[in-house]
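Here is the structure we will look at, set down as structure tokens.
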Amino acid sequence: MAAHLDTVFPPGTDVRVRVEGTRAYAPGIRDNSAAVAILLQVAAAWKDAPLTLPYRLLFAANVGEEGLGDLRGIRHLVENLRPDAVVAFDGRLGAIVHEAVGSRRVKATYRGPGGHSFGDFIAIAHGLGLYLELENPFLTWTDPQQAIKGNTNSPILLLLYLILVGAMALLMYLTHALSLPLLPVFTLLLVLATAGGYRYLLRRAAEAYARLGG
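Residues in the sequence shown are numbered from 2 upward in steps of one, following the working numbering.
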């Protein structure tokens with residue numbers, strides 16, 4: 002039986018518990034302080050119960066569950082102890098989840114051309130577009146019929162994209178000509194806002210064009 006100790010909130014956060022009636026409030030109390038408290042209660046109750054088990058029972062407070070921790074605490078326990086079963090105390094209390102979708106975490110490094118000052122900074126849009134493609138792998142199907150099935154608005158999306166690109170080009174020109182300090186920031190925000198759909202929209206438009214016999 003395990004509950005993860007680590008939780009997530011900004012540095013300097015006041016972590017004192019505030020009790021109002023029958024409820025307690027504090028940063029991280031749901032994920033996962035309450036579950037850790039329950040784990041300790043179960044361990045105490047089990048110790049005092051007149052039960053003899055045919056197997057060994059381990060109570061563990063593991064770490065590395067959140068974010069980049071990549072579940073390293075519970076991974077270590079499972080890989081080294083090889084338990085027959087694991088009960089994780091986590092999430093919403095009062096419910097039992099007996100099956101769930103698995104996950105595999107990967108780390109990707111993107112490398113590409115740099116840009117000198119103003120001229121090539123739009124390269125960041127290409128990198129971000131590649132990242133978002135990996136996040137949604139169904140957008141990278143090689144079968145055009147599958148890719149555009151149920152989606153017939155590719156030309157409209159392409160038109161909207163071209164309008165946004167034109168607006169960015171105008172802002173980039175004004176920034177270069179007038180040297181206004183705020184315009185580069187605004188342009189970069191526009192690039193980031195549209196980067197996710199950059200490669201996706203181009204692919205969708207090309208596939209729709211091919212489907213129409215172009």
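For each residue, glycine too, the CB sits at the ideal point set by N, CA and C. All of these numbers come straight from a predicted model, not from anything done at the bench.
Take the alpha-carbon of K48 and the one of V64: they are about 24 Å apart.
Straight-line measurement puts the Cα of L58 at about 32 Å from the Cα of R17. Within the model, the alpha-carbon separation for A101 versus V79 is close to 17 Å.
One alpha carbon belongs to D15, the other to Y26, and they sit about 11 Å apart. Bounds of the alpha helix (DSSP H) holding A36 are A35 to D49.
Secondary structure at E100: coil, using DSSP grouped into helix, strand and coil. Here DSSP, grouped into helix, strand and coil, assigns V79 to helix. Taken atom to atom, the span from the alpha-carbon of G22 to that of A96 is near 23 Å. By the neighbour-count definition (other C-beta atoms within 10 Å, threshold 16), G103 is an exposed residue. Judged by their CB atoms, A3 and A61 are nearer to each other than the 9 Å cut-off. Counting every other CB atom within 10 Å of its CB across the protein chains shown gives N81 a total below 16, marking it as exposed. Around the beta carbon of A44, fewer than 16 other beta carbons lie within 10 angstroms, which makes this residue exposed. In this model, R19 and V98 are separated by some 29 Å (Cα to Cα). Membership of A4 in the beta strand (DSSP E) is indicated by the continuous run A3 to H5.
Straight-line measurement puts the Cα of R73 at about 22 Å from the Cα of I39.
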